[in-house]
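**Student:** For the sequence shown, counting from 1, position 222 maps to 222 in this note's numbering; every step adds exactly one.
C-beta: ideal position from N, C-alpha, C; glycine also.
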Amino acid sequence: PYGKSLSKYIRHYEGLSYDTDILHSKHQRAKRALSHQDQFLHLDFHAHGRHFNLRMKRDTSLFAPDLKVEVSGEEIPYDTSHIYTGEIYGEKGSLTHGSIVDGKFEGFIKSHKGTYYVEPSERYLKDQNVPYHSVIYHEDDIGELILHCNDLHHILNHHLFNILWILLDYIDIFSKQTHFVHCLSTVRGSSGGICEKNKHYSDGKRKSLNTGIITVQNYASHVPSKVSHITFAHEVGHNFGSPHDSGSDCTPGESKTQDQKEKGNYIMYARATSGDKFNNNKFSICSIHNISQVLDKKRYLCFVESGQPICGNGMVEANEQCDCGYSDQCKDKCCYDASAPEGLKCKLKPDTLCSPSQGPCCTPECTFKFSDVKCREESECALKGMCSGNAAQCPTSTPKENFTSCHTNSQVCLNGVCSGSICQKYGLDVCTCATEEGKDDTELCHVCCMAKGQPNTCSSTSSERWVQYFNKKVTTLQPGSPCNDFKGYCDVFMKCRLVDADGPLARLKKAIFNPELYTSIAEWIVEHWWAVLLMGIALIMLMAGFIKICSVHTPSSNPKLPPPRPLPGTLKRRRNPAAQTQPQHHRQQRENYQMGQMRH
């Protein structure tokens, strides 16, 4: 099914159908092991044109040993044995993390080709009969969800109309419970923060403002894992006391200086980020300052020292020569297992050069593989990896020539990674086309280039300016990419959708009560006084004409005035004939009485 769209966020995916029973059995064995005998398991499958050999161990560092889960004030048992972490066997620098439930792996796999995400297929294909139980997709196939949020105080005061009342009730219910032993908070300012205790508020009730709700649903569509991770990282910044970045020092992406602008914005920027800029995965000095103040006050209430490297987890860590696990799982004759005496465990045995646990370039006979053995597949920007002949690890692949086109010719390779813009191939700088008078808005989602240090030359690859480089060929940005000078993002139809950190009510308030608006109106009145005078006279004449025209149709209680004229085109009510003759009879009697009085 590769090439099919999985949802409005995921453009391409492949299905996975490995044996879930076997993986579930491996997980059960690891679960039954003693706490210090964490077993690791292997998961092999083929997808996206490559083979994945995952080696994972139970992750015991994610949850505290004394973790308690409470629901409605009652403690419930919670099994944390399903969390795993590991690597792609033989691929240096790789990382895999996720969970195994009912024999299905769900998580992410980070490799030199990028990050892959694995999720259950029923999450997206609930009503479809498909021959696979999981789906895997690459991070490049995800349309980025813009990081956009408001702090709770701002929401409650300015955005009530934009929130479902059921959600407000849900938050209110949780806020009335006591959560002071938990760390996270979504409120900045005097109330809330890590480890904040509940307190009295204006409604007379005690509330915990360290209450938050995280959802993986966005308007009935499931959000991809990558988007959830990005959003979570942004929100954790709020949890620890950081508002959105503001000011020139903390929003370099808005700078007029090209050197600063090229570095991009930080994690806590309120609008779109491309994700590949120097600053995109960092906290700004503003965020660090705010977070530091919170941690300085409350860090001793929530945080403990992380665990140390553990011999027996199947991964070579600090102060270890090798790691093949415990005696019941170690099939490596080159390495002492974790059950060996202290001083020997996780060390190489005598007369051995290496251990297969160190990397894919070591043979089971404890010798290095020859230099003509492949240990890594070729990628768009790097050649295949070959063993060195004198080390167990797979050496870093030789990068292909810089500025080699990659990612559908929208980017170039830099030092073995597809990260640069196609503009750099021709000595140009990448830029974002912004809205200008007379400029085609369809170019906002094009790849745009400019001459170095000359922002006024920013133009699309399809423009006449760069015809010598691109031959007027349109190169579009990936859906989810920032556009219009980082004020919006491109959707799947290559339309630039603007993003505003404020809600519609706040924008309306600013539009109505903006002092600059009234200042400009006053200046216009002073400059065009004659126009104001003409408009006043025209208004008076219009009102006089309206009164004159409508007065003849208005009923009056003055008997000396003529009866009102009926409006043309209106329906007349039909009257009873008997009722029409009765007034004539009474009128005749009245006239006879008046004539008799005159005779007398």
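#1: How long is the line joining the alpha carbons of S17 and S134, rounded to whole angstroms?
#2: Give a yes or no on contact between the stretch 281–292 and the stretch 307–319, applying the rule of three or more CB pairs nearer than 8 Å.
#3: Would you mind working out which of T352, F105, D79, E14 sits nearest L54, comparing C-alpha positions?
#4: Please list, in chain order, all residues of the same chain as G453 whose beta carbon is under 7 Å from its beta carbon, the five residues on each side excluded.
#5: For N162, name the three-state secondary structure that DSSP assigns.
#6: Please state whether the Cβ-Cβ distance between H24 and I136 is less than 8 Å.
#7: Within 10 Å of its beta-carbon, does N471 have 16 or more other beta-carbons around it, so buried, or fewer, so exposed?
#8: Have a look at the DSSP bridge pairing and note the partners of H45.
#9: Kindly indicate which three-state DSSP category R11 falls into: helix, strand or coil?
#10: For F486, which of helix, strand or coil comes out of DSSP?
#11: Between the C-alpha atoms of C334 and A391, what's the straight-line distance to the nearest angstrom?
#12: Counting only the same chain and skipping the five closest in sequence on each side, list residues whose C-beta sits under 6 Å from that of I109.
#13: Does D19 have its Cβ less than 8 Å from a Cβ in chain B?
#14: On the CB-based measure, 16 or more other CB atoms within 10 Å of its CB, does P360 come out buried or exposed?
#15: Alpha carbon to alpha carbon, how far is N402 from I310? Give it in angstroms, no decimals.
#16: For G416 and W466, what's the separation of their Cα atoms in angstroms?
#17: Starting from the N-terminal side, write out each stretch of the alpha helix (DSSP H) that is 4 residues or longer and does not extend beyond the stretch 60–142.
#18: Buried or exposed: which applies to M535, given that a residue is buried once 16 or more other Cβ atoms fall within 10 Å of its Cβ?
#19: Among all the DSSP beta bridges, which residues are the ones paired with K374?
#20: Between K126 and L444, what straight-line distance do the alpha-carbon atoms span, to the nearest angstrom?
#21: Apply the 10 Å Cβ neighbour rule to K487 and answer buried if 16 or more other Cβ atoms are within range, or exposed otherwise.
#22: What residue from D59, E91, E70 has the CA that sits closest to T80's CA?
#23: Return the CA-CA distance between C387 and S397, expressed in angstroms with no decimal places.
#24: Looking at C-alpha atoms only, which residue of N514, T461, Q28, A434 is the closest neighbour of D485?
#25: Helix, strand or coil, according to DSSP, for T476 in the structure here?
#26: For H446, list the residues DSSP reports as bridge partners.
#27: Use the C-beta contact count for R29: other C-beta atoms within 10 angstroms, 16 or more gives buried, fewer gives exposed.
#28: Quick one: residues in its chain with C-beta nearer than 6 Å to the C-beta of P555, no 5 flanking neighbours on either side, listed in chain order?
#29: State yes or no: is the C-beta of V447 within less than 8 Å of the C-beta of T457?
#30: Return the residue from the list V101, E119, T442, G114 that minimises the CA-CA distance to G107.
#31: I'd like the list of long-range same chain contacts for M268, defined as Cβ closer than 7 Å, with 5 residues on each side in sequence excluded.
#32: Determine the DSSP secondary structure at K369, reduced to helix, strand or coil.
#33: Could you tell me the boundaries of the beta strand (DSSP E) in which Q411 lies?
#34: Would you identify the three-state DSSP class for F40, choosing helix, strand or coil?
#35: Just reading off the beta strand (DSSP E) that R32 is part of, what are its end residues?
#36: In chain order, which alpha helix (DSSP H) runs of at least 4 residues are fully inside the stretch 238–276?
**Tutor:** Inspection of the coordinates gives the following:
#1: Distance between the alpha carbons of S17 and S134 is about 7 Å.
#2: No: the two stretches stay apart, fewer than three of their Cβ pairs being nearer than 8 Å.
#3: Comparing Cα positions, the closest option is F105.
#4: Excluding positions up to five away in sequence, the list reads Q258.
#5: For N162, the pLDDT reaches just 34, beneath the cut-off of 50, and the residue's location in the model is therefore unreliable, leaving the point undetermined.
#6: Going by C-beta atoms, H24 is not nearer than 8 Å to I136.
#7: Classification for N471: exposed.
#8: Note that residue 45 is Phe in the sequence shown, not His. Answer is F52, bridged to F45.
#9: Three-state DSSP puts R11 in coil, outside helix and strand.
#10: Correct three-state label for F486: coil.
#11: Each residue's CA atom was taken as its position, placing C334 and A391 some 14 Å apart.
#12: Within the same chain, T96, Y116 come within 6 Å of I109 by CB-CB distance, once the 5 residues on both sides are set aside.
#13: Judged by its chain identifiers, the structure shown contains no chain B, having just a single protein chain.
#14: For P360, the number of other beta carbons within 10 angstroms of its own is at least 16, and it is reported as buried.
#15: For I310 and N402, the gap between their C-alpha atoms comes out near 40 Å.
#16: Counting only the Cα atoms, W466 lies some 27 Å from G416.
#17: Runs of alpha helix (DSSP H) with 4 or more residues, each lying fully within the stretch 60–142, are absent.
#18: By the 10 Å Cβ count, M535 comes out exposed.
#19: Partner(s): M386.
#20: About 36 Å.
#21: Label assigned to K487: buried.
#22: It is D59.
#23: Rounded to the nearest angstrom, the two C-alpha atoms are 10 Å apart.
#24: That would be A434, whose Cα lies nearest to the Cα of D485.
#25: Residue state, collapsed to three classes: strand.
#26: Answer is T476.
#27: When all chains shown are included, R29 counts as exposed.
#28: Only residues of its own chain outside the window of five on either side were considered, and among them P564 have a CB closer than 6 Å to the CB of P555, listed in chain order.
#29: Going by C-beta atoms, V447 is not nearer than 8 Å to T457.
#30: Measuring C-alpha to C-alpha distances from G107 to each of V101, E119, T442, G114 identifies E119 as the nearest.
#31: The answer, listed in chain order, is H234, G237, S242, H244, D245, F283, S284, S287.
#32: In the structure shown, the three-state DSSP call for K369 is coil.
#33: Residues 411–414.
#34: The answer is strand: DSSP assigns F40 an E or B state.
#35: For R32, there is no enclosing beta strand (DSSP E); the enclosing alpha helix (DSSP H) covers residues 20–32.
#36: Scanning the stretch 238–276 for uninterrupted alpha helix (DSSP H) segments of 4 residues or longer gives 258–262, listed from N- to C-terminal end.
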